[in-house]
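Colleague: Residue numbers (the working numbering): 1 to 93.
Take this structure first; my questions come after.
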């Protein structure tokens, strides 16, 4: 079956995404989820908050790429905190 998957271009989707531990900031949860891309990592993540019994989510992917996953995640956290400070609950509109 592996041979057919390689022949027809099927990517491995059986790998479990690693569990991301969120960082709490001013009532929001920030998930750092750098994306591997060509040997580098694209800055990406999610910001969530429970509002009126519903979990709202804002996902973003930046054009920036960095050499390490740790650096990309740290940069994402700083950008997300700045975004929260500027927009507050308006992030979800």
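The beta-carbon is built from N, C-alpha and C at its ideal position, and this holds for glycine as well.
Between which two residues does the alpha helix (DSSP H) harbouring residue 91 extend?
Modeller: Element bounds for residue 91: n/a, residue is neither H nor E.
Colleague: Whole-angstrom Cβ separation of residue 77 and residue 40, contact assumed at under 8 Å?
Modeller: Residue 77 to residue 40, Cβ: 18 Å. No contact.
Colleague: Please identify the residue among 93, 34, 27 whose C-alpha is closest to the C-alpha of residue 19.
Modeller: Among 93, 34, 27, the Cα nearest to that of residue 19 belongs to 34.
Colleague: Residue 62 and residue 80 look like a contact to me (Cβ under 8 Å); what is the Cβ gap, rounded to whole Å?
Modeller: About 10 Å separates the two Cβ atoms, so there is no contact after all.
Colleague: Could you tell me the distance, in whole angstroms, from the CA atom of residue 64 to the CA atom of residue 52?
Modeller: Residue 64 and residue 52: Cα-Cα distance of roughly 34 Å.
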